[in-house]
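Student: Residue numbers (my numbering), protein chains in the order written: chain A, 1 to 185; chain B, 1001 to 1185.
Where a beta carbon is used, it is the ideal one built from N, C-alpha and C, also for glycine.
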DNA sequence: TCGTTGTTGAAACAGTCGTACCATATATTT
DNA sequence: AAATATATGGTACGACTGTTTCAACAACGA
């Protein structure tokens, strides 16, 4: 008996909080400004999530979930040449809409190097969608259990993503990816 | 007349503050713990640097200076094959002693994407030693003004550095670099 | 010794942080 | 209407933040 619980409220808050973190980053995240932007109160954030730490964990899990879902819809599984797949993935991952995800990804990586205990899913949670992505290129490897070529492919994508976000020079980045595709052929 | 100024004090503090930031990161940097670790006081830090913001700027400049100096001593200018140079640079940049620099580099990059105004030297200051490094591979480019191959080389180095710091799997990273060297040949 | 300049400590200020406490409002069943 | 469970608002606590203020001390030339 009593007033029925509203399970949607926490989820709605989580969705908007994730938007906020994607836009503003984790570093300076503070409950009061966050609550104000979400039309709620710090009181309710703690009521729903228990603590700031748990809220951040939930937000990161949600961000990761979103990335995985959107990725799933854009994977050209095994069709086409390696270069076609490479260009397809690059076009998707380097699109402007992905920028907030990429930025958060970089931020969590850097912070995780100093505070590994704060991110219990040990880089797996951080890099899993990169791994998923890398699996698409498993056939470029020299052997069945070879992880070297996928590793290199992912390094190129991450490195160029780093360059692109820092310099904004999309033309140069695109051409560098094409150059890599040529080398792989 | 009057007591003579001590110009070495600020420099000594700056050197130790840089060590501290390399070890503890920028994100949670606070004057009181910093001062305690440096056997000084917040009062003196502000006396010497004016404000926390200026202190951080000075520390980043010092870190960049150190990186440039150490890099200068480890550049095999144009001798040897591309692969030899590639392996040499990778061995140097991925060495454990470089890890704090690399971490700070990643952190500043991520924060700079959200607060470009806080880093007035616009990524140039952040990436200049990477550029210096890239210049070593200028001869691999397809033309005199070609920036594409150096861009790719740098992306591989950064991407593998990212992977290595996140996973700690040096063997896989080393082999991925060798694979890239093969492709370049 | 005295004035002058550089150096330093202690304390306080105004603000923000995450969080806990207490009361109250709201919606439901009995 | 009473009981009950969920949902909120308001407020305050203690700790921390960068920075300022005021005073004192230290080392020098005159």
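Tell me, please, whether the CB atom of residue 162 of chain A is closer than 8 Å to any CB atom in chain B?
Tutor: For the purposes of this step, residue 162 of chain A is taken as the residue at position 162 of the first chain. By this cut-off, residue 162 of chain A is an interface position.
Student: Whole angstroms is fine: what's the gap from residue 1002 of chain B's alpha carbon to residue 1036 of chain B's?
Tutor: As a first step, residue 1002 of chain B must be located in the second chain, where it is residue number 2. As a first step, residue 1036 of chain B must be located in the second chain, where it is residue number 36. The alpha-carbon atoms of residue 1002 of chain B and residue 1036 of chain B are separated by roughly 29 Å.
Student: Count the other CB atoms, across all protein chains shown, that sit within 10 Å of the CB of residue 1176 of chain B; report buried if there are 16 or more and exposed otherwise.
Tutor: Residue numbering aside, residue 1176 of chain B sits at position 176 when the second chain is read from its first letter. Classification for residue 1176 of chain B: buried.
Student: Between A:90, A:92, A:183, A:166, which has its C-alpha nearest residue 186 of chain A's C-alpha?
Tutor: Because chain A is modelled from 1 through 185, residue 186 of chain A falls outside the range shown and cannot be assessed.
Student: Just to confirm, are residue 148 of chain A and residue 180 of chain A a CB contact at a threshold of 8 Å?
Tutor: Mapped onto the first chain, residue 148 of chain A falls at position 148. Mapped onto the first chain, residue 180 of chain A falls at position 180. Cβ distance not < 8 Å, so residue 148 of chain A and residue 180 of chain A don't count as in contact.
Student: Using CA atoms only, rank isn't needed, just tell me which of A:71, A:85, A:42, A:146 is closest to residue 17 of chain A.
Tutor: Mapped onto the first chain, residue 17 of chain A falls at position 17. It is A:42.
Student: For the pair the region 1044 to 1053 of chain B and the region 1076 to 1093 of chain B, tell me if three or more CB-CB distances fall below 8 Å.
Tutor: Too few Cβ pairs lie closer than 8 Å, so no.
Student: Going by beta carbon distance, what residues of the same chain come within less than 8 Å of residue 12 of chain A, once the five residues before and after it are set aside?
Tutor: The residue labelled residue 12 of chain A in the question sits at position 12 within the first chain. None.
Student: To the nearest angstrom, report how far apart residue 1000 of chain B and residue 178 of chain A are at their CA atoms.
Tutor: This structure gives no information on residue 1000 of chain B, because the portion of chain B shown stretches from 1001 to 1185.
Student: Grouping DSSP H, G and I as helix and E and B as strand, with all else coil, what is residue 126 of chain A?
Tutor: Here residue 126 of chain A is taken as the residue at index 126 of the first chain, counted from 1. In this prediction, residue 126 of chain A has a pLDDT of 42, which is less than 50 and means its spatial position is unreliable; what the coordinates show is noted afterwards. If DSSP states are grouped into helix, strand and coil, residue 126 of chain A belongs with the helices.
Student: Could you tell me the boundaries of the alpha helix (DSSP H) in which residue 176 of chain A lies?
Tutor: By one-based count along the first chain, residue 176 of chain A stands at place 176. First-last of the alpha helix (DSSP H) with residue 176 of chain A: 170 to 184.
Student: Given residue 184 of chain A, which residues of its chain have a CB within under 6 Å of its CB, disregarding the five upstream and five downstream residues?
Tutor: Here residue 184 of chain A refers to the residue found at position 184 of the first chain. Hits under 6 Å: 82.
Student: Report yes or no: is there a C-beta of chain B within less than 8 Å of the C-beta of residue 148 of chain A?
Tutor: Residue mapping note: residue 148 of chain A aligns to position 148 of the first chain, counting from 1. True, the Cβ-Cβ gap to chain B drops below 8 Å.
Student: Which residue comes first and which comes last in the alpha helix (DSSP H) that contains residue 58 of chain A?
Tutor: Against the first chain, residue 58 of chain A aligns to sequence position 58. 52 to 72 is the span of the alpha helix (DSSP H), which, as asked, contains residue 58 of chain A.
Student: Just the chain B side, please: which residues come within less than 7 Å of residue 91 of chain A by C-beta, in chain order?
Tutor: Indexing the first chain from 1 puts residue 91 of chain A at position 91. Per Cβ cutoff of 7 Å: no residues; residue 91 of chain A is ~16 Å from chain B at best.
Student: Curious, which full-length alpha helix (DSSP H) runs of at least 4 residues does the region 1147 to 1172 of chain B contain?
Tutor: Whole alpha helix (DSSP H) segments, 4+ residues: 1148 to 1167.
Student: How should residue 1111 of chain B be labelled, buried or exposed, when 16 other C-beta atoms within 10 angstroms of its C-beta is the threshold for buried?
Tutor: Here residue 1111 of chain B refers to the residue found at position 111 when the second chain is read from its first residue. Label assigned to residue 1111 of chain B: buried.
Student: So which residues of chain A does residue 1111 of chain B contact, with C-beta pairs closer than 7 Å?
Tutor: Residue numbering aside, residue 1111 of chain B sits at position 111 when the second chain is read from its first letter. Ordered by position in chain A, the residues that pass the 7 Å Cβ test against residue 1111 of chain B are 27.
Student: For chain B, find out if any of its Cβ atoms is closer than 8 Å to the Cβ of residue 60 of chain A; answer yes or no.
Tutor: As a first step, residue 60 of chain A must be located in the first chain, where it is residue number 60. False, the Cβ-Cβ gap to chain B never drops below 8 Å.
Student: So which of B:1008, B:1010, B:1040, B:1060 has the shortest CA-CA distance to residue 1025 of chain B?
Tutor: Taking the second chain and counting its residues from 1, the one referred to as residue 1025 of chain B is at position 25. Of the candidates B:1008, B:1010, B:1040, B:1060, the one whose C-alpha sits nearest the C-alpha of residue 1025 of chain B is B:1060.
Student: Looking at C-alpha atoms only, which residue of A:114, A:150, A:164 is the closest neighbour of residue 1027 of chain B?
Tutor: In the second chain, residue 1027 of chain B corresponds to position 27, counting from 1. Here the closest residue by C-alpha is A:114.
Student: How many Å lie between residue 100 of chain A and residue 163 of chain A at the Cα?
Tutor: Counted from its first residue, the first chain places residue 100 of chain A at position 100. Counted from its first residue, the first chain places residue 163 of chain A at position 163. Going from the Cα of residue 100 of chain A to the Cα of residue 163 of chain A covers about 15 Å.
Student: Is it true that the CB of residue 1104 of chain B sits closer than 8 Å to the CB of residue 1038 of chain B?
Tutor: Translated into the one-based positions of the second chain, residue 1038 of chain B becomes position 38. Translated into the one-based positions of the second chain, residue 1104 of chain B becomes position 104. No, the Cβ-Cβ distance between residue 1038 of chain B and residue 1104 of chain B is not below 8 Å.
Student: Taking the alpha carbon of residue 120 of chain A as the reference point, which residue from A:19, A:54, A:8, A:32 has its own alpha carbon closest?
Tutor: Residue mapping note: residue 120 of chain A aligns to position 120 of the first chain, counting from 1. Of A:19, A:54, A:8, A:32, the residue nearest in Cα terms is A:54.
Student: Considering only the alpha carbon of each residue, which of A:72, A:80, A:79 lies closest to residue 93 of chain A?
Tutor: Within the first chain, numbered from 1, the residue matching residue 93 of chain A stands at position 93. Looking at the Cα atoms, A:72 is the closest of the given residues.
Student: Can you name the start and end residues of the alpha helix (DSSP H) that residue 1109 of chain B belongs to?
Tutor: Taking the second chain and counting its residues from 1, the one referred to as residue 1109 of chain B is at position 109. Note, residue 1109 of chain B: alpha helix (DSSP H), 1099 to 1114.
Student: How far does the alpha helix (DSSP H) with residue 119 of chain A in it extend, from its first residue to its last?
Tutor: Locating residue 119 of chain A in the first chain gives position 119, where the first residue counts as 1. Segment: none, residue 119 of chain A is in no alpha helix (DSSP H) and carries neither H nor E.
Student: How about residue 1020 of chain B and residue 1031 of chain B: are their beta carbons less than 8 Å apart?
Tutor: Looking up residue 1020 of chain B in the second chain gives position 20. Looking up residue 1031 of chain B in the second chain gives position 31. No, Cβ-Cβ distance for residue 1020 of chain B and residue 1031 of chain B is not below 8 Å.
Student: Find the residues of chain A that neighbour residue 1106 of chain B, judging by a C-beta separation of less than 8 Å, and give them in chain order.
Tutor: Numbered from 1 along the second chain, position 106 holds the residue referred to as residue 1106 of chain B. Within 8 Å Cβ-Cβ: 106, 109, 110, 113.
Student: If you measure between the beta carbons of residue 1150 of chain B and residue 1137 of chain B, is that distance less than 8 Å?
Tutor: Residue 1150 of chain B sits at position 150 when you count from the first residue of the second chain. Residue 1137 of chain B sits at position 137 when you count from the first residue of the second chain. It is a contact, given that the beta carbons lie within the stated cut-off.
Student: Between which two residues does the alpha helix (DSSP H) holding residue 1034 of chain B run?
Tutor: To locate residue 1034 of chain B, count along the second chain from 1; it is residue 34. Run containing residue 1034 of chain B: 1031 to 1037, per the alpha helix (DSSP H) assignment.
Student: Which chain A residues sit within Cβ distance under 8 Å of residue 1154 of chain B?
Tutor: As a first step, residue 1154 of chain B must be located in the second chain, where it is residue number 154. Those are 159, 163, listed as they occur along chain A.
Student: Does residue 166 of chain A get closer than 8 Å to chain B when you measure Cβ to Cβ?
Tutor: Residue 166 of chain A sits at position 166 when you count from the first residue of the first chain. Yes, residue 166 of chain A counts as interfacial toward chain B.
Student: Any C-beta of chain B sitting closer than 8 Å to the C-beta of residue 186 of chain A?
Tutor: It is not possible to answer for residue 186 of chain A, since the shown part of chain A is limited to 1 through 185.
Student: Could you tell me which chain A residues have their CB closer than 8 Å to the CB of residue 1184 of chain B, listed as they occur along the chain?
Tutor: The residue you call residue 1184 of chain B lines up with position 184 of the second chain. Near residue 1184 of chain B (Cβ distances below 8 Å), the residues of chain A are 183.
Student: Under 8 Å between C-beta atoms, does residue 151 of chain A make it to chain B?
Tutor: To locate residue 151 of chain A, count along the first chain from 1; it is residue 151. Yes, residue 151 of chain A lies at the interface with chain B (some Cβ there is under 8 Å from its Cβ).
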